[in-house]
Each structure stands twice: as structure tokens, then as C-alpha cells.
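J.: This is the structure I want to talk about, given as C-alpha cells.
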Amino acid sequence: MRRSWHAARRGARVGRPARSLGYVGLSVRRRDRAHIGLCPQRDRKRSSYGKIVTMPRTVRRRSAKPVVLLVLLLVALSPAARAQSDVLVAAERLLYEGQAGAAADTLADGLAADPADASVRLALGTVQAMTALEALAQDAFRHGLGGGGIEEAGQMLGVPVTAESPTRAGRVRRRACGVWSGSTRAWWRPTRPSLP
Amino acid sequence: MAADETLAPLTELIGTEAGRTLEWTVELGRVRLDFDGDGVAGEPLSLLLAQARSVRPTELEGAAEAIPIDADLGDALWLRGYLNLVTATLDAFLAYDAREAWDATAQLFFPRPITSIPYLAEPSEPRLGGFDAALLADVIALIHLIDFPVLDADRAAAALTRLRTTVAMSQASWRAILAETDDGREWLPNPSQSGVVPGGPGGAALAVEEEMVTSWLELMDELDAILAGERLVPYWRVTDGRGVNVRRVFTEPRPLDLILWIQGAAVQPYLEEGTLTSGEDWARIRRAFGGRFASFAFWFN
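Protein chains in written order, with my numbering: chain A, 507 to 702; chain B, -6 to 294.
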């Protein structure tokens, strides 16, 4: 007996193979199973547009629900999965505590345990970028950036300066910033300028 | 850069499935970094961002947003692009020897520079009737000393490669972002998504319009053609149709003399006949961003 096109389409939908689980991803409704069950046993075949129109009885009739639940349970309980999840959580906490270096170490350990974990890889790359930025800023601070300098660096970007720099270099730099930001008046200020 | 090497396998790892959301959500605004190296974590990034946006001190606490982000493939490609841009900038600078200029004029930029001429950074009172002679002398010295010899030509070539990678990553990231159909907490939203980056009107998140993306991708195509040497950059004193081959500036580096670059003599070795990049196209691209091109370019990478 031939089944209708609609039944074939429904079968194709529910029987679409999951990449990793084979056909255990079926969520076949009872009505569809009954309909498909009219087909004799045969290997699965595809229509001209690639949809599965028939499949072996053993596959059609198998209830996927327990298998899916079992797989989900195993994934949830597996030490690797828990460890990866813990790695991300731990790294996040370290980032919020200001320990980017320790976060990078934690993520590196996690990635070594599972190099295929894309989420941990992205997190590690991001944290490595943050630590590089942190190191760059620390180098600048060794030369005095921060002794009034960070505000002036901000002024170059259009951020209002509120702090007074105690050093001549800071005053000079502030004037230079004023020049770069288009304020020619900065050249002629005899004393520390009162900035906006 | 270690971060770029870490991220490079991501595309292969998660494929080209656009919009794929990775399982990492980070509240970027709560991240704290030790910028000053004193061993104590600084303020959360959201507060620094609020300060940069000129938020009043009394409003800072309210401005400390968590900025949670659902990272996806587009974000990963965006980050790789940005890393390559930063590294390219540093490589281009380090390809030249700027030590003499640093020793003589670092006090223009830093209060306590570590140089071989420490007395130049000592405080001095303004002279010449209130005019700061030291400042004028330092600025003149800086301009005079921007005549950097080539230190490492390979590094200049590496900078070019990284710049082209930046462009490629930007194009790839926007392809991925445009194909997204979800609407999570997007670092870079497509025109039909809502983002999380503050700065929009009325305190809303910045929105991206379709015209912006189209213009940005046009800009990337143009930049790639320039970096590949297929499109030349016009020079203000050259009127015979020739232009500067930017690619050769990186692959055949010569001493970097600021004055001669402005005056035109240093440009001569890189002049070629060919197709010039159009100023009208650049103006049209900039107009698409409604006068905020710099801000969006900083964000879009």
C-alpha cells in the first residue's frame, strides 16, 4: 500500500538523522508512527529532493525518548562536561575578582583537558586579550601614566579632565593634549589651566 | 599574539554555522583588570566605560551595568580581527627604530619616563613671559626626530599580513552576524537584532542599520584592494594620476621621515600608475554612519 505524500513528509521530518546520535533523535508522534507503519520493511530511501520517505521498521518503531533522556543524563553527569562548565564558571568569577591571569590559567587547563571545547577556547582567547591589554597598561603606568596622566590621555579622546597633575611633565603633556585636541589656547596658558 | 593563536582554530572547530551561540556568557561590565599594576583589581569595566562617557560621579553607580554578552561565531571572528589590528599597529611601529625619539621626548607623554636622558623630564617653570619654552622645544624635537630608520623589515611585512587578516575577519564576522536569526544579548547586532553596547539615543543600546553594514563591507573591500596594492591612494601633490601603493610601503620599507612624507619626497618610491581609490566613495561610506563614523569604526573593527 502506498502512503500519502503528507505521510512521507511527516516521516521525513521526524526521521531526519541527527549528526551525532544517528536516528535516536526521533520524536515520532503516535499518529505518524501508525501511518508510517503501513510501509513494509525496507531500507530507508530518499525522495528526489533528499527527504527520507521510508526507513526500516526497527528504526521507525523504536521509541527515541528513553535513549535521548539517557544521553542527556550521561552528558549532564559526565565528569568532562561538568569540568568544562566549572572551568567557565570559575574563570568568570576570577575575572570579576580582577584576577585575569588566574582566569587564563584556569581556562588553559580546561582547554588542555578538552581542546575541542569551542566555548572554553573563545573564553581563553578573550581573557588572553584582556591580560595583554592589562600588561600594556601596566607598562604605561610604570612610566607615570596614572599620576594625572590617565585623565589627560582621556582628554585626548574627548573625556573631561578633572584631576590636576602635580608634575611639569603632566602640565606639558596636558598642553600638548590641548594642542592635539584643537585648543591652541593651551600653548599660552602661563599656569596650570582650569580645564572644562 | 597568544590570543589570536588560541582563537584561530575556532572557525574550523565550530564550522561556518552562522549564528551558532557558544556556551559562554560573560558580564563584561563586571570584569575588573589591574591596569596600574599595583596588585589590586581596578574598577569594573562598566564604571570605566561610564567615566569615558562623561557620566557624572553621582550617576556612576547606576551606570555600572553588567553588559552580559552571549558570544557567538561573529563575536569570535570580530575579536580575532581586533587582535590582528592591534598587533599590526604595534608591528608597524616596532619595524622602525624610535628609541632616539623616545629618549628625547618621552616626557611629552609620560610624567616619569624611563629614558637615557632623565633631566629632560624634570619639572621646570615656564619662561619667556609665561610661554613654556620646554614644551615648544620638546615638540620641535619630536617632529625633528620622527625620522626612524628601518629596524625590522620582516615586521613591517607581518604588519601588512595582519592588516589584511583584520579586513578578512571583519568581512567574515559580518557575514556570520548578518546570517543570525536569534536575538540574544548581541555584542554586534545585525539590523534585526538588539544589542547590548550602550550609547544609543535615550540610553538605549547602539543599533546597527542595514546601510551601515553595507557601507562597512564596501569599505572593507576598498581597504583590502588598497592593502593588496590593487587600488592606489592619491597624494595631495601628485596630479598626474599616479598614487601611492600602500602595499609596497610595508613590503619595501624605507626610513620613516615625517616631514618628507608630508612634503612629498618620501612618497616618490611608492608612486605608481593605476586605479586610484575614490574620495567620493569614502565620503559616501562615511555619510552612512550619520557623522559617527569614528565611533562605529572603533566598534565595528
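Glycine included, C-beta positions come from ideal geometry on N, C-alpha and C. Keep in mind that this is a model prediction, so the values were computed, not measured.
1. Does DSSP classify Thr668/A as helix, strand or coil?
2. Report the rounded CA-to-CA distance for Ala149/B versus Glu(-2)/B, giving the unit in angstroms.
3. Which residues, in order along the stretch 60 to 91 of chain B, keep a beta-carbon less than 7 Å from a beta-carbon of chain A?
4. For His649/A, count neighbouring Cβ atoms within 10 angstroms of its own Cβ and tell me buried if that reaches 16, exposed if not.
5. Which residue comes first and which comes last in the beta strand (DSSP E) that contains Asp65/B?
6. So with CB distances below 7 Å, who are the chain A contacts of Met(-6)/B?
7. Is it right to say Glu203/B is buried, meaning 16 or more other beta carbons lie within 10 angstroms of its own, or is it exposed?
8. Any idea if Val24/B is buried or exposed, counting beta-carbon neighbours within 10 angstroms, 16 or more meaning buried?
9. Of the residues Leu630/A, Leu639/A, Gly607/A, which one's Cα is nearest the Cα of Leu706/A?
10. Tell me, to the nearest whole angstrom, how far the beta carbon of Leu156/B is from that of Leu212/B; I am working on the premise that it is less than 8 Å.
11. Within its chain, find whatever has a CB closer than 8 Å to the CB of Pro37/B; leave out the 5 residues flanking it on each side and keep chain order.
12. Could you please give me the residues that DSSP links to Pro37/B through a beta bridge?
13. Out of Thr154/B, Ala165/B, Leu153/B, Ala200/B, which one is the CA nearest neighbour of Asp176/B?
14. Grouping DSSP H, G and I as helix and E and B as strand, with all else coil, what is Trp17/B?
15. Taking Ala169/B and Leu66/B to be in contact with their CB atoms under 8 Å, please state how far apart those CB atoms are, rounded to whole angstroms.
16. Closer than 8 Å between beta carbons: that is the criterion. Which residues of the stretch 88 to 114 of chain B meet it against chain A?
17. Look up Val231/B in the DSSP assignment and say whether it is helix, strand or coil.
18. Can you pull the chain B residues whose beta carbon is under 7 Å from the beta carbon of Thr632/A, in chain order?
19. Would you mind working out which of Leu639/A, Ala596/A, Val626/A, Ala646/A sits nearest Pro2/B, comparing C-alpha positions?
20. Taking 8 Å as the threshold (beta carbon to beta carbon), is Asp217/B in contact with chain A?
21. In chain B, which residues lie with their C-beta within 8 Å of the C-beta of Arg627/A?
22. Alpha carbon to alpha carbon, how far is Leu251/B from Ala151/B?
T.: On the basis of the supplied data:
1. As a position in the first sequence, residue 668/A is number 162, starting the count at 1. Caution is warranted here: a pLDDT of 43 is assigned to Thr668/A, below 50, making its placement in the model unreliable, and no coordinate value can be reported.
2. Indexing the second sequence from 1 puts residue 149/B at position 156. Indexing the second sequence from 1 puts residue -2/B at position 5. CA-to-CA, the gap between Ala149/B and Glu(-2)/B works out to about 20 Å.
3. The residues in question are Ala64, Ala69, Leu72, Leu76.
4. Residue numbering aside, residue 649/A sits at position 143 when the first sequence is read from its first letter. Flag for His649/A reads buried.
5. Position 72 of the second sequence, counted from the first residue, corresponds to residue 65/B. Here the beta strand (DSSP E) through Asp65/B covers 61 to 65.
6. In the second sequence, residue -6/B corresponds to position 1, counting from 1. For Met(-6)/B, the C-beta contacts it makes with chain A under 7 Å involve Ala638, in order along the chain.
7. As a first step, residue 203/B is located in the second sequence; it is residue number 210 there, counting from the start. So Glu203/B ends up on the exposed side.
8. Here the question's residue 24/B lines up with position 31 in the second sequence. So Val24/B ends up on the buried side.
9. It is not possible to answer for residue 706/A, since the shown part of chain A is limited to 507 through 702.
10. Within the second sequence, numbered from 1, the residue matching residue 156/B stands at position 163. Within the second sequence, numbered from 1, the residue matching residue 212/B stands at position 219. Rounded to whole angstroms, the Cβ separation of Leu156/B and Leu212/B is 14 Å, and the two are not in contact under 8 Å.
11. Taking the second sequence and counting its residues from 1, one reaches residue 37/B at position 44. Only residues of its own chain outside the window of five on either side were considered, and among them Gly22, Arg23, Val24, Arg25, Ala57 have a CB closer than 8 Å to the CB of Pro37/B, listed in chain order.
12. Here residue 37/B refers to the residue found at position 44 when the second sequence is read from its first residue. DSSP output for Pro37/B lists Arg25/B as bridge partner(s).
13. Taking the second sequence and counting its residues from 1, the one referred to as residue 176/B is at position 183. For Asp176/B, the closest of Thr154/B, Ala165/B, Leu153/B, Ala200/B by C-alpha to C-alpha distance is Ala200/B.
14. As a first step, residue 17/B is located in the second sequence; it is residue number 24 there, counting from the start. In the three-state DSSP reduction, Trp17/B falls in the strand class (E or B).
15. Reading the second sequence from its first residue, position 176 is the one you call residue 169/B. Reading the second sequence from its first residue, position 73 is the one you call residue 66/B. About 5 Å; that satisfies the 8 Å criterion.
16. From the stretch 88 to 114 of chain B, only Ala99, Gln100, Leu101, Phe102, Phe103, Pro104, Arg105, Pro106, Ile107, Ala114 have a Cβ closer than 8 Å to chain A.
17. Along the second sequence, read from residue 1 onward, the residue named residue 231/B stands at position 238. It is coil, neither helix nor strand.
18. One-based indexing of the first sequence puts residue 632/A at position 126. Leu72, listed in chain order.
19. Here residue 2/B refers to the residue found at position 9 of the second sequence. Comparing alpha carbon positions, the residue from Leu639/A, Ala596/A, Val626/A, Ala646/A closest to Pro2/B is Val626/A.
20. Within the second sequence, residue 217/B is the residue found at index 224, counting from 1. No Cβ of chain A is located within less than 8 Å of the beta carbon of Asp217/B.
21. Counting from 1 along the first sequence, the entry for residue 627/A is found at position 121. Neighbourhood of Arg627/A in chain B, by CB distance below 8 Å: Thr(-1), Leu0, Pro2, Leu3, Leu6, in chain order.
22. What you label residue 251/B is simply residue 258 of the second sequence in a count that begins at 1. What you label residue 151/B is simply residue 158 of the second sequence in a count that begins at 1. Going from the Cα of Leu251/B to the Cα of Ala151/B covers about 22 Å.
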